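Undergrad:
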Amino acid sequence: MAQTKARQDPAWLLQWGVRLRTFVTMDGAPILPARNPDHPTNRPAPVDAPGQQPLAGDDLAMLALEQMDQGVILVDAALTVRIINSRLYDLFDVPRGYLPGDDCFGIIQFLARRGEYGPGDPEAIAARHMERARRADPPLYEHRRPDGRVLEVRTRQTSGGGFVRTYSDVTERRRAEDELATQRHLLRLTLENMGQGIVLLDRDLHYMAWNSNALQLFGMTEEVMRANPSLVDVARHQIASGLVGLPAGSPDFGDDLDAKTAYLMERIGRPEREFVYARPQGDGRFIEVRVVPLPDGGQVRTFTDITNRVIADEALRQGREILTGVIDAIPALIDVKDRDGTVRLTNRFYRETYGPAVVPPPGEAADRAAALDRLVVDSGQGVPFHEDRAPDGCGVPRDWLTTKMPLTDEGGEVTHIVTVALDITARKRAEAELRDAQASLIQAEKLSSLAQLVAGVAHEVNTPIGVTLTAISHLGEEVARIRALFEENRIRRRDFQEFLDVAWESTRMIMTNVERATGLIQSFKQVAADQASGERRPFDLAAYVDEVLLSLRPSLRRTRVVVELDIPAGLIIDGYPGAFAQVLSNLVINALVHAFDEGESGLIRLSAREEPEGWIEMRYADDGKGIPEAIRSRIFEPFFTTRRGLGASGLGLSICANIMTATMRGSIALDRNGEGEERGARFLLRFPMG
68 MAQTKARQDP
78 AWLLQWGVRL
88 RTFVTMDGAP
98 ILPARNPDHP
108 TNRPAPVDAP
118 GQQPLAGDDL
128 AMLALEQMDQ
138 GVILVDAALT
148 VRIINSRLYD
158 LFDVPRGYLP
168 GDDCFGIIQF
178 LARRGEYGPG
188 DPEAIAARHM
198 ERARRADPPL
208 YEHRRPDGRV
218 LEVRTRQTSG
228 GGFVRTYSDV
238 TERRRAEDEL
248 ATQRHLLRLT
258 LENMGQGIVL
268 LDRDLHYMAW
278 NSNALQLFGM
288 TEEVMRANPS
298 LVDVARHQIA
308 SGLVGLPAGS
318 PDFGDDLDAK
328 TAYLMERIGR
338 PEREFVYARP
348 QGDGRFIEVR
358 VVPLPDGGQV
368 RTFTDITNRV
378 IADEALRQGR
388 EILTGVIDAI
398 PALIDVKDRD
408 GTVRLTNRFY
418 RETYGPAVVP
428 PPGEAADRAA
438 ALDRLVVDSG
448 QGVPFHEDRA
458 PDGCGVPRDW
468 LTTKMPLTDE
478 GGEVTHIVTV
488 ALDITARKRA
498 EAELRDAQAS
508 LIQAEKLSSL
518 AQLVAGVAHE
528 VNTPIGVTLT
538 AISHLGEEVA
548 RIRALFEENR
558 IRRRDFQEFL
568 DVAWESTRMI
578 MTNVERATGL
588 IQSFKQVAAD
598 QASGERRPFD
608 LAAYVDEVLL
618 SLRPSLRRTR
628 VVVELDIPAG
638 LIIDGYPGAF
648 AQVLSNLVIN
658 ALVHAFDEGE
668 SGLIRLSARE
678 EPEGWIEMRY
688 ADDGKGIPEA
698 IRSRIFEPFF
708 TTRRGLGASG
718 LGLSICANIM
728 TATMRGSIAL
738 DRNGEGEERG
748 ARFLLRFPMG
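Residues are numbered in this note's numbering as their position in the sequence shown, beginning at 1, plus a constant of 67.
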């Protein structure tokens with residue numbers, strides 16, 4: 068046991084129970100002192116075999132020294148070598164001729180001459196070494212021999228002024244240590260240059276190695292880690308600092324830090340195989356932890372900051388959810404097909420339309436769609452919006468507004484076809500219904516105009532008819548009076564003369580008013596016929612405007628609005644008087660409804676002049692409220708009105724625009740007010756004379 072320990076520790080002679088002073092004195096006494104029979108080392112050894120002699124104490128000491136791996140030299144105060152073993156000769160390649168008792172200075176000088184201590188004066192080198200050895204300064208150092216071997220030198224002063232020195236060959240150990248240091252340096256450089264934190268734990272889960280990234284992620288300092296903390300210690304620190312929390316769904320341990328740490332270690336302390344998990348940290352970062360068990364029970368743990376990746380993944384996930392939500396919310400068919408026509412992606416509206424089949428039913432519509440898909444693949448160009456009719460999953464025909472777009476790879480080759488189809492079935496139905504409604508409303512407007520015309524006829528004819536009726540009644544009374552006088556034979560010349568005067572005046576009044584009524588009826592009849600028939604015929608513009616205004620006189624009489632005309636006679640128009648009458652009536656009625664408040668005085672002015680190349684420019688102007696700038700662009704839209712719910716249909720000006728463009732082959736536009744004209748509305752009508 069002592070021999071083994073001596074080989075491991077060069078200070079064996081001083082640290083373990085065998086003391087040189089047992090064999091020699093430290094004050095220069097003889098190396099082999101007189102035997103003391105009572106000393107344990109001088110007691111006879113037991114005889115194990117016949118003829119075996121027990122060893123003396125000095126023999127035992129020398130035997131022990133010779134068995135050591137270290138070279139040993141004992142020098143007294145006079146610098147005389149008292150003990151030296153064979154190993155020392157071997158370490159310095161010194162001939163065995165230098166025996167104990169020789170001068171130590173001479174040995175050092177001999178070695179210096181051989182170049183053991185480098186260049187210089189051997190005597191000075193020996194003196195310097197002897198002085199250092201005498202003071203044991205330093206007590207431990209390494210000496211590199213010329214052949215490259217490294218000797219570890221330990222020196223200790225003795226009580227008598229001498230010293231004992233041991234020499235150990237540590238060449239292989241130093242080489243291994245240097246190699247290990249190099250490997251550690253390379254490992255450190257490698258770890259520090261990694262973009263992730265990494266630690267190495269021994270089988271007791273104590274930290275052996277780490278890099279700065281790991282410390283930064285742990286929230287630990289280099290000084291704390293050098294204290295060789297355990298995995299439990301670091302976990303406790305991280306939980307206490309709030310940097311690491313327990314997994315979701317963990318029990319509530321309150322403020323019990325030990326329970327929290329134990330719970331966490333139970334789950335991630337010693338996995339049986341490679342284990343990867345991600346955890347959020349209290350500082351807002353996300354860390355991916357990879358635990359790799361080692362064969363000796365240790366672990367390698369890597370810590371990767373995946374915050375940006377988590378944020379990017381979350382943003383991508385949210386973006387996909389938003390995109391999916393947007394696509395699913397679009398009330399249109401959306402599908403994505405590959406080059407072979409296989410459907411790869413659909414939205415909710417598509418799935419609801421075609422049901423579990425997820426593909427349109429076969430037929431002409433499906434064949435047209437497939438042909439367009441091939442066109443997109445072959446040409447690399449999209450198909451613009453076009454209307455098509457195709458059945459849905461239940462076979463019900465629907466109207467679609469469809470477009471197709473290609474998706475290409477980096478090389479420009481078409482990889483997928485995106486189809487978007489808007490269901491316009493309801494719109495097409497509404498358009499048809501709207502056309503019917505517009506036709507009905509236009510017809511209603513015409514009937515309304517005719518109704519106004521009838522009202523005008525009734526009102527205008529009422530006066531001459533009333534006068535005629537009064538005259539006839541008066542004439543009848545006179546006839547009855549003269550008849551009675553005649554039957555009584557009391558008639559006188561004067562009575563008959565009075566009767567003739569009354570008869571003549573009544574007849575004249577009857578004729579005048581009947582002719583007036585006949586003229587009114589004829590004019591109204593012509594306007595009504597024009598509006599009802601829509602026939603084309605020549606008409607005098609000024610005269611016809613008078614006739615139209617005559618039909619509007621009942622409406623005008625209920626207001627204080629005056630209509631002025633500035634239209635020269637003789638402007639013969641070969642056109643559609645009924646359509647023109649409707650335009651003029653709508654403009655005037657529109658003004659009476661919108662431009663003037665009830666009881667307000669106003670002026671409507673109608674003027675016309677002939678332009679070159681056979682065109683008529685007619686202007687309408689009033690001094691009413693005018694048209695607000697915000698709605699000027701919408702007044703000709705169908706059903707647009709500012710009096711919704713008050714009886715207005717919003718079709719008056721729309722009908723005017725349609726008649727002027729389609730029937731009269733002209734135009735109507737809202738004109739700007741002239742200089743100094745702040746109120747009122749202005750319309751400009753242009754149409755050909757023939």
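Glycine residues also receive a C-beta, built at the ideal position from the N, C-alpha and C atoms. In this text, all values refer to a predicted model and were calculated from it rather than measured experimentally.
Just to confirm before moving on: does the CB-CB distance between Leu155 and Ile140 stay below 8 Å?
TA: Going by C-beta atoms, Leu155 is nearer than 8 Å to Ile140.
Undergrad: Could you tell me which residues DSSP pairs with Thr413 in its beta bridges?
TA: Partner(s): Asp402.
Undergrad: Classify Glu614 as buried or exposed, calling it buried when 16 or more other Cβ atoms lie within 10 Å of its own Cβ.
TA: By the 10 Å Cβ count, Glu614 comes out buried.
Undergrad: When the Cα of Asp402 is compared with those of Arg384, Asn725, Tyr421, Ile389, which residue comes out closest?
TA: Checked all of Arg384, Asn725, Tyr421, Ile389; the closest Cα to Asp402 is Tyr421.
Undergrad: Which of the three DSSP states is assigned to Arg620 in this structure?
TA: Note: Arg620 maps to helix in three-state DSSP.
Undergrad: Would you decide whether Arg242 is buried or exposed? Buried here means 16 or more other CB atoms lie within 10 Å of its CB.
TA: Arg242 comes out exposed.
Undergrad: What does the Cβ neighbour count give for Met275, buried or exposed, with the cut at 16 atoms within 10 Å?
TA: Burial call: exposed.
Undergrad: Would you identify the three-state DSSP class for Gln305, choosing helix, strand or coil?
TA: Of the three classes helix, strand and coil, the one that applies to Gln305 here is helix, per DSSP.
Undergrad: Reducing DSSP to helix, strand and coil, say where Tyr687 ends up.
TA: Tyr687: strand per DSSP, three-state reduction.
Undergrad: Assuming Lys327 is part of the alpha helix (DSSP H), what are its boundary residues?
TA: Residues 324 to 335.
Undergrad: Have a look at the DSSP bridge pairing and note the partners of Ser235.
TA: Glu219.
Undergrad: Suppose you measure from the CA of Val528 to the CA of Ala547; what does that come to, to the nearest Å?
TA: Distance between the alpha carbons of Val528 and Ala547 is about 28 Å.
Undergrad: Just checking, does the stretch 350 to 367 make contact with the stretch 255 to 262 on the three C-beta pairs under 8 Å criterion?
TA: No: fewer than three Cβ pairs fall under 8 Å.
Undergrad: With a threshold of 7 Å on Cβ separation, who are the neighbours of Leu542 within its own chain once the five nearest residues in sequence on each side are excluded?
TA: Once the five neighbours on either side are set aside, the close Cβ partners of Leu542 are Val569, Ala570, Ser573.
Undergrad: With distance defined between alpha-carbon atoms, name the residue in Asp204, Arg212, Pro162, Pro205 nearest to Pro186.
TA: Answer by Cα proximity: Arg212.
Undergrad: State the Cα-Cα distance for the pair Leu439 and Lys471, rounded to the nearest angstrom.
TA: Approximately 8 Å between the Cα atoms of the pair.
Undergrad: Between which two residues does the alpha helix (DSSP H) carrying Ala396 extend?
TA: Its alpha helix (DSSP H) spans residues 374 to 396.
Undergrad: Tell me the DSSP bridge mates of Lys471?
TA: Per DSSP, Val450, Thr486.
Undergrad: Express the C-alpha separation of Pro621 and Ile656 in angstroms, rounding to a whole number.
TA: Roughly 11 Å between the two C-alpha positions.
Undergrad: Could you give the uninterrupted runs of the beta strand (DSSP E) lying entirely in the stretch 653 to 709, keeping only those of 3 residues or more?
TA: Whole beta strand (DSSP E) segments, 3+ residues: 668 to 678, 682 to 689.
Undergrad: Tell me Ile735's beta-bridge partners as DSSP assigns them.
TA: Answer is Leu752, bridged to Ile735.
Undergrad: From which residue to which residue does the alpha helix (DSSP H) around Pro360 run?
TA: That residue, Pro360, is in no alpha helix (DSSP H); its beta strand (DSSP E) goes 353 to 360.
Undergrad: For the beta strand (DSSP E) containing Leu267, name the first residue and the last one.
TA: Where Leu267 is concerned, the enclosing beta strand (DSSP E) stretches over 264 to 268.
Undergrad: Which residue wins for smallest C-alpha separation from Thr371, given the options Arg627, Gln283, Ile335, Thr391?
TA: Closest option to Thr371, Cα to Cα, is Gln283.
Undergrad: Should Lys495 and Asp476 be called a contact, given that it needs their Cβ atoms to be closer than 8 Å?
TA: No. Outside cutoff.
Undergrad: Work out the CA separation of Leu608 and Leu616 for me, nearest whole Å.
TA: C-alpha separation (whole angstroms): 12 Å.
Undergrad: For Leu752, which residues from the same chain have a beta carbon less than 6 Å from its beta carbon, with the 5 sequence-adjacent residues on both sides left out?
TA: Within the same chain, Leu752 has close Cβ partners Met685, Ile735.
Undergrad: Does DSSP put Ala547 in a helix, in a strand, or in coil?
TA: Of the three classes helix, strand and coil, the one that applies to Ala547 here is helix, per DSSP.
Undergrad: Using alpha carbons as the reference points, say which of Arg575, Glu565, Ala648, Thr626 lies closest to Glu602.
TA: Closest option to Glu602, Cα to Cα, is Ala648.
Undergrad: Since Leu272 contacts Ser297 with CB under 8 Å, what's their CB separation in whole angstroms?
TA: Confirmed, about 5 Å.
Undergrad: Can you look up Leu542 in the DSSP assignment and give me helix, strand or coil?
TA: Leu542: helix per DSSP, three-state reduction.
Undergrad: Give me the Cα-Cα distance between Arg202 and Arg223, rounded to the nearest whole angstrom.
TA: Distance between the alpha carbons of Arg202 and Arg223 is about 8 Å.
Undergrad: Expressed to the nearest angstrom, what Euclidean distance is found between the alpha-carbon atoms of Arg749 and Pro605?
TA: Roughly 27 Å separates the two Cα atoms.
Undergrad: If you count every other CB in all the chains shown that lies within 10 Å of the CB of Gln176, and 16 or more means buried, which is it?
TA: Classification of Gln176: buried, given that the 10 Å Cβ count is 16 or more.
Undergrad: So is Ser540 buried or exposed if we call it buried at 16+ other beta carbons inside 10 Å?
TA: Per the 10 Å Cβ criterion, exposed.
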